[in-house]
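The listed protein sequences derive, respectively, from chains C and L. Start counting the first sequence at 29; every next residue gets the next number (our numbering). Start counting the second sequence at 8; every next residue gets the next number (our numbering).
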Amino acid sequence: GESVGLHLPTLSVQEGDNSIINCAYSNSASDYFIWYKQESGKGPQFIIDIRSNMDKRQGQRVTVLLNKTVKHLSLQIAATQPGDSAVYFCAENRGSGYALNFGKGTSLLVTP
Amino acid sequence: IAGITQAPTSQILAAGRRMTLRCTQDMRHNAMYWYRQDLGLGLRLIHYSNTAGTTGKGEVPDGYSVSRANTDDFPLTLASAVPSQTSVYFCASSDVSGGPQHFGDGTRLSIL
């Protein structure tokens, strides 16, 4: 889940397992959601997005699920690889212009 | 390679000095953004610009100013730097339809 303190929550998974990273969003009016991956020393990199008229969207090895009833978003990574180790952020469109509201991130650690 | 270029990549600055962080994009995106990233606080929006010639305040605008003279460039200026502005600064852009934001690799700024 998303952090509310100084330390990021960490998800540790074994290589080859599936990973699920969760995010709770706050604005019921949000209509667009994005998952980003951030590697050390780099900027956030777009992974996948979903609009509020959908509840599931699949990409290459990744799936995003949206539950608008409980304002919950999840990112599923299939067959997790060492290169997937990074911090993952969810972001929601606030609905006013084009600004995104970012969660505080979850650190994914893939162990061999 | 198309994308966002930020400069400098890192800087150590004395408090009270003026500093401009540069951001250039070559994707012809209308909207551009400046964020700061601090551990435990995630990405926070400083200023944004929906189109050349317009700017707006984000979540944490105090002590920063921006300009958008053309589509490609969106510099961020600290008029008189203070230690609390020590952070990693990211510039991003998106097309006007509100799609995913593309990020640069950041400027690491330390104010002493």
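For each residue, glycine too, the CB sits at the ideal point set by N, CA and C.
Secondary structure at residue i, three-state DSSP: helix, strand or coil?
i: Asp-77 of chain C; result: strand
i: Asp-112 of chain C; result: helix
i: Gln-92 of chain L; result: helix
i: Gly-60 of chain L; result: coil
i: Ala-86 of chain L; result: coil
i: Leu-93 of chain C; result: strand
i: Asn-50 of chain C; result: strand
i: Gln-88 of chain C; result: coil
i: Leu-46 of chain L; result: coil
i: Glu-120 of chain C; result: strand
i: Lys-65 of chain C; result: strand
i: His-54 of chain L; result: strand
i: Asp-80 of chain L; result: strand
i: Ser-31 of chain C; result: For Ser-31 of chain C, the pLDDT reaches just 34, beneath the cut-off of 50, and the residue's location in the model is therefore unreliable, leaving the point undetermined.
Could you tell me whether any Cβ in chain C is nearer than 8 Å to the Cβ of residue i?
i: Leu-83 of chain L; result: no
i: Pro-107 of chain L; result: yes
i: Tyr-55 of chain L; result: yes
i: Gly-47 of chain L; result: yes
i: Leu-52 of chain L; result: yes
i: Asp-112 of chain L; result: yes
i: Gly-23 of chain L; result: no
i: Gly-65 of chain L; result: yes
Does chain L have any CB closer than 8 Å to the CB of residue i?
i: Ile-48 of chain C; result: no
i: Asp-112 of chain C; result: no
i: Ala-127 of chain C; result: yes
i: Phe-130 of chain C; result: yes
i: Ile-105 of chain C; result: no
i: Pro-72 of chain C; result: yes
i: Ile-78 of chain C; result: no
i: Gly-87 of chain C; result: no
i: Phe-61 of chain C; result: no
i: Gly-133 of chain C; result: yes
Quick one: using the 10 Å Cβ neighbour count with 16 as the cut-off for buried, is residue i buried or exposed?
i: Thr-108 of chain C; result: buried
i: Lys-125 of chain L; result: A query on residue 125 of chain L cannot be resolved here, the shown segment of chain L reaching from 8 to 119 and no further.
i: Ser-49 of chain L; result: Before going on, a small fix: residue 49 of chain L reads as Gly here, not Ser. Looking at its Cβ environment, which holds 16 or more other Cβ atoms inside 10 Å, Gly-49 of chain L is buried.
i: Gln-88 of chain C; result: exposed
i: Arg-75 of chain L; result: buried
i: Ser-56 of chain C; result: exposed
i: Lys-132 of chain C; result: buried
i: Pro-107 of chain L; result: buried
i: Glu-67 of chain C; result: exposed
i: Asn-95 of chain C; result: exposed
i: Asp-83 of chain C; result: exposed
Can we say the segment 91-101 of chain L touches the segment 31-46 of chain L, given the rule of at least three CB pairs closer than 8 Å?
-> Segments in contact, yes.
If you pair each beta-carbon of the segment 11-29 of chain L with each one of the segment 132-139 of chain C, do three or more pairs fall below 8 Å?
-> Between the segment 11-29 of chain L and the segment 132-139 of chain C, the count of Cβ pairs shorter than 8 Å is below three; the stretches do not touch.
Three or more C-beta pairs below 8 Å linking the segment 38-47 of chain C and the segment 82-93 of chain L = Touching, no.
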